Amino acid sequence: MLLSNTVAHVYVCLLALLFLGGSEGRKDSFCLEIGWEPKGSSFRIVDGFTDPRDCQQECQYTDGCNFFRWRGRGRFCEMFSHLYGEWERDVASVSGPKTCFAAFSDFPEIANSACQVTGLEIQGSQYESYTGRNSRHCRDSCNKDPRCRYWSWKAPSGLKPPHQRCRLFTSVAAITVENGFAPVMGGDLDPSIRAVSGPKKCPSDVPQFKIWRSKKVGDYDRILPWPKEPVNGRRHLPFCVEHGVKADATPQAAFRVGDPRDCSSLCSALPGCASWTWFPFGEENAERCELFKETPQKVPFPGAKSGPSVCEDPPTDFPEYSQMACSTWGVRTIGQVLSSAPMEEDEVPDDCLILCQDTEGCVAYTHDAEAHVCTLFSTDEGIVGSIGSVAGPAVCQDRPSHHRIWKAITRTEGFADDLQALPLEVAYVYDSEDEDLEGGDTPFSYSRVGGIEEVEEAEPEFESDEGDYYSVIALSANETEGSESLEEWEETEETADAESGQGDTDADAESVRRLSVNLFDRRGGGEKLGEIGGGSSGSSASWTFGGTGIGFEIFD
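Read in order, the letters of the sequence shown are residues -25 to -1, 1 to 531 in mature numbering (1 follows the signal peptide of the UniProt record, and there is no 0).
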């Protein structure tokens, strides 16, 4: 028997997923095929599943499972190691691969499928009805139409396309639910599970369109990592990202990257990367992405974001956060300010977005990461550059053209050619007028050097209005492996000329504000490798740094 076009398409796509590893994948959040039963090597059947998405997730956590089938009548989940033969039409089945390989960020509208319900039909203010190819096409049609608020699709009662219908609504008057659930809003019962319906915006005001919360069988009290409970009581998770912390280690690579999501995607693309840290602001580390081959301990650091290489928790658990896909880092909104207020210490940029979604009249927002201020706007006239800020619309649907959907940097051909590599260690310039040199937190806390605990002062040769101490403290950018003395040091454009470590004795304090030096052997417990300058006479200023007990001296 010849396969129908629909079945052939499904079969070919699934074979491609097997042999190509899902490099392209289906542009859908779950890639579920409704109304079809696959054929293959079935090795496990588990009862008690009320949602096909739970069946798909159970397949993801089961060794040897590559495909699944959820049976609505009977509520069971069947798992397959591989498929063969023709798919058969079965209106009670929902089937698909264990992973869809689609980047959620590229398609934020699909996160609304977290509120779609299998086995539910809508009655209400219908303004359009047409032959629908599948439920995804129906949902996408609603997303693209400003008039649409709800959609409903019904699987074919036969193999001919005219039996597949998509209906679009401006409002809901009745909802019918299968399997004997009580009708709501005056609707009648409909025992069919062939229908799939959902709202345009998820979460929805209609209680029947609840957010699907992923859970494994036997894990009904599933606790997600880094849970957050916002004011409105909705539970959500910012894509496995920890806010306000950084990895307490030297990275294996560092790049200039303007978006934390791109930092995460770089880590995911590198086989040896296990975790990452990204910094939104700072004179020396703004838009700095650090990649680590392990997952080191984390320490507090204002504004920083850290996360694992791969996040196994589906973003569709938290559709509120999916709308961040239309937000852009490094910009701020231009428009009429609706309100502006500081955020709580534990709140994150995503909370500013959700505040906009929950505030009447808000169409766009800006979150200033450094000031930790959330600004809401009643008009959205454009965006301008602003390092350390993130801005975007309240929802991705019907957004202005200047808000683009974020696309992972790794999905752009030739992206590696445009990456700017950064030193593994950050060199900070310390100004003695800004901080107390004795004790306390200083910029050195970033590079594991800690606060300055001790200062031994000698009269400097170079005096200035900036104080008795040199305004120069720098960290190593590269280590001198196996060396007992400094092999090299170089001055930046603001320093005096120097050769072979001999500084210019006629330089003033301003001329030695910045140094980039090979200084510390971190593998040797912070042992000092040598001194800048070759003379034994003359005045010097020496520093000892807390935490590692390492330091350096500057001679005239």
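For glycine and all other residues, C-beta sits at the position ideal for the given N, C-alpha and C.
All figures in this text were calculated on a predicted structure; none of them were measured in a lab.
> Taking C-alpha atoms, which residue in C248, D22 and W381 lies nearest to P226?
Replying inline: For the purposes of this step, residue 226 is taken as residue 251 along the sequence shown, with counting starting at 1. Among C248, D22 and W381, the Cα nearest to that of P226 belongs to C248.
> Does the distance from the CB of G363 to the CB of F256 come in under 7 Å?
Replying inline: Mapped onto the sequence shown, residue 363 falls at position 388. Mapped onto the sequence shown, residue 256 falls at position 281. Yes, the Cβ-Cβ distance between G363 and F256 is below 7 Å.
>> Please report the straight-line C-alpha distance between L241 and T252, rounded to a whole angstrom.
In response: Start at 1 with the first residue of the sequence shown, and residue 241 comes out as number 266. Start at 1 with the first residue of the sequence shown, and residue 252 comes out as number 277. Taking the straight line joining both Cα atoms gives about 11 Å.
>> For C52, report the span of its beta strand (DSSP E) as first-last.
In response: As a working note, residue 52 is residue 77 in the sequence shown. For C52, the enclosing beta strand (DSSP E) begins and ends at F51 to L58.
> Using CA coordinates, which residue listed in A366, E322 and F144 is at the minimum distance from Q298?
Replying inline: Counting from one through the sequence shown, the residue named residue 298 turns up at place 323. Of all alpha-carbon atoms in A366, E322 and F144, the one lying nearest the alpha-carbon of Q298 is that of A366.
> Roughly how many angstroms separate the alpha carbons of Q101 and S179, rounded to a whole number?
Replying inline: Translated into the one-based positions of the sequence shown, residue 101 becomes position 126. Translated into the one-based positions of the sequence shown, residue 179 becomes position 204. Using only the alpha carbons, I get a separation of about 18 Å.
>> Tell me the DSSP secondary structure of R140 in three-state form.
In response: Taking the sequence shown and counting its residues from 1, one reaches residue 140 at position 165. Correct three-state label for R140: strand.
> So, is F18 buried or exposed, given that buried needs 16 or more other C-beta atoms within 10 angstroms?
Replying inline: For the purposes of this step, residue 18 is taken as the residue at position 43 of the sequence shown. Exposure of F18 is indicated by the presence of fewer than 16 other C-beta atoms within 10 angstroms of its C-beta.
>> Is the beta carbon of G15 closer than 7 Å to that of F55?
In response: Here residue 55 refers to the residue found at position 80 of the sequence shown. Here residue 15 refers to the residue found at position 40 of the sequence shown. Yes. Within cutoff.
> P317 by DSSP, collapsed to three states: which one?
Replying inline: For the purposes of this step, residue 317 is taken as the residue at position 342 of the sequence shown. It is a strand residue.
> Run through DSSP, which three-state label would L330 get?
Replying inline: Position 355 of the sequence shown, counting from 1, holds the residue named residue 330. L330 sits in a helix when the DSSP states are folded into three classes.
> When DSSP labels each residue in this structure, what does Q98 get in the three-state scheme?
Replying inline: Taking the first residue of the sequence shown as 1, we reach residue 98 at position 123. Residue state, collapsed to three classes: strand.
> How about W126 and R114: are their beta carbons less than 7 Å apart?
Replying inline: The residue you call residue 126 lines up with position 151 of the sequence shown. The residue you call residue 114 lines up with position 139 of the sequence shown. Taking 7 Å as the cut-off, the Cβ atoms of W126 and R114 count as close.
>> Less than 7 Å between C-beta atoms, sequence neighbours within five positions excluded: which residues of the same chain meet that for residue 535?
In response: In this structure the chain extends from -25 to 531, so residue 535 is not present and cannot be described.
>> Suppose you measure from the CA of G60 to the CA of L330; what does that come to, to the nearest Å?
In response: Here the question's residue 60 lines up with position 85 in the sequence shown. Here the question's residue 330 lines up with position 355 in the sequence shown. Going from the Cα of G60 to the Cα of L330 covers about 51 Å.
> Per DSSP, which one or two residues make a beta bridge with H342?
Replying inline: Numbered from its first residue, the sequence shown carries residue 342 at position 367. For H342, DSSP records a beta bridge to C349 and V365.
> Hey, quick one: how far does the beta strand (DSSP E) through residue 587 stretch, first residue to last?
Replying inline: Here the chain covers residues -25 to 531 and nothing more, so residue 587 does not appear.
>> Here's a check: name, in chain order, each residue in its chain whose Cβ is nearer than 7 Å to the Cβ of C264, leaving out the five neighbours to either side.
In response: Translated into the one-based positions of the sequence shown, residue 264 becomes position 289. Cβ neighbours of C264 beyond the five flanking positions: A229, F230, V232, C238, L241, W251 and W253.
> Sorted by chain position, which residues of the same chain lie with C-beta nearer than 7 Å to A(-10)'s C-beta, five sequence neighbours on each side aside?
Replying inline: In the sequence shown, residue -10 corresponds to position 16, counting from 1. In this predicted model, A(-10) has a pLDDT of only 24, less than 50, meaning its place in the structure is not dependable; the value taken from the coordinates is given anyway. Within the same chain, no Cβ atom closer than 7 Å to the Cβ of A(-10) is found once the five residues on either side in sequence are excluded.
>> Considering only the alpha carbon of each residue, which of E103, R108 and W128 lies closest to D120?
In response: Looking up residue 120 in the sequence shown gives position 145. Of E103, R108 and W128, the residue nearest in Cα terms is E103.
> Should E463 go down as buried or exposed, given a rule of 16 or more other Cβ atoms within 10 Å for buried?
Replying inline: Residue numbering aside, residue 463 sits at position 488 when the sequence shown is read from its first letter. For E463, the predicted model reports a pLDDT of 32, less than 50, meaning its position is unreliable; a value from the coordinates is still stated below. By the C-beta density criterion, E463 is exposed, having fewer than 16 other C-beta atoms within 10 angstroms.
> In whole angstroms, what separates the C-alpha of G219 from that of K273?
Replying inline: The sequence position of residue 219 within the sequence shown is 244, counting from 1. The sequence position of residue 273 within the sequence shown is 298, counting from 1. In a straight line, the C-alpha of G219 is about 10 Å away from that of K273.
> What separation, rounded to the nearest whole angstrom, lies between the Cα atoms of I97 and G10?
Replying inline: The residue given as residue 97 occupies position 122 in the sequence shown. The residue given as residue 10 occupies position 35 in the sequence shown. Rounded to whole angstroms, the gap between the alpha carbons of I97 and G10 is 19 Å.
> For the putative contact between S172 and V92, defined by C-beta atoms under 8 Å, what is the C-beta separation to the nearest angstrom?
Replying inline: Locating residue 172 in the sequence shown gives position 197, counting from the first residue. Locating residue 92 in the sequence shown gives position 117, counting from the first residue. Going by Cβ atoms, the distance from S172 to V92 rounds to 6 Å, so yes, they are a contact pair.
> Roughly how many whole angstroms lie between the Cα atoms of E174 and F51?
Replying inline: The residue labelled residue 174 in the question sits at position 199 within the sequence shown. The residue labelled residue 51 in the question sits at position 76 within the sequence shown. It is Pro, not Glu, that sits at residue 174 in the sequence shown. P174 and F51 have their C-alpha atoms roughly 26 Å apart.
>> Quick check: I358 and C301, are their CB atoms within less than 7 Å of each other?
In response: Taking the sequence shown and counting its residues from 1, the one referred to as residue 358 is at position 383. Taking the sequence shown and counting its residues from 1, the one referred to as residue 301 is at position 326. No, they are not a contact pair.
> Under the three-state reduction of DSSP, which class applies to C40: helix, strand or coil?
Replying inline: Translated into the one-based positions of the sequence shown, residue 40 becomes position 65. Correct three-state label for C40: coil.
> Using DSSP with H/G/I as helix, E/B as strand and the rest coil, what is R489?
Replying inline: By 1-based counting over the sequence shown, the position of residue 489 is 514. Reliability of the predicted coordinates at R489 is poor, the pLDDT of 27 falling under 50, and no value is obtained from them.
> Under a three-way DSSP split, which group does residue 540 fall into?
Replying inline: Nothing about residue 540 can be reported from this structure: the residues present for the chain run from -25 to 531 only.
> Just how far apart, CA to CA, sit C337 and D326?
Replying inline: Mapped onto the sequence shown, residue 337 falls at position 362. Mapped onto the sequence shown, residue 326 falls at position 351. Whole-angstrom Cα-Cα distance: 14 Å.
> Roughly how many angstroms separate the alpha carbons of N260 and H347, rounded to a whole number?
Replying inline: Taking the sequence shown and counting its residues from 1, one reaches residue 260 at position 285. Taking the sequence shown and counting its residues from 1, one reaches residue 347 at position 372. Straight across, the Cα-Cα distance linking N260 with H347 is about 18 Å.
>> On the CB-based measure, 16 or more other CB atoms within 10 Å of its CB, does A316 come out buried or exposed?
In response: One-based indexing of the sequence shown puts residue 316 at position 341. The residue in question, A316, is exposed, as its Cβ has fewer than 16 Cβ neighbours within 10 Å.
> Is S243 helix, strand or coil by DSSP?
Replying inline: In the sequence shown, residue 243 corresponds to position 268, counting from 1. S243: helix per DSSP, three-state reduction.
> If you drop the 5 nearest sequence neighbours on each side, which residues of the same chain put their C-beta closer than 6 Å to that of K185?
Replying inline: Numbered from its first residue, the sequence shown carries residue 185 at position 210. Closer than 6 Å at the Cβ level, and outside the excluded window around K185, lies no residue.
>> Buried or exposed, going by whether 16 or more other CB atoms sit within 10 Å of the CB of D29?
In response: As a position in the sequence shown, residue 29 is number 54, starting the count at 1. Taking every protein chain shown into account, the CB of D29 has 16 or more other CB atoms within 10 angstroms, so this residue is buried.
>> Below 8 Å on the Cβ atoms is my contact criterion, and I expect G282 with V216 to pass it. Report the Cβ-Cβ distance as a whole number of Å.
In response: Within the sequence shown, residue 282 is the residue found at index 307, counting from 1. Within the sequence shown, residue 216 is the residue found at index 241, counting from 1. The Cβ separation is near 5 Å, so the contact holds.
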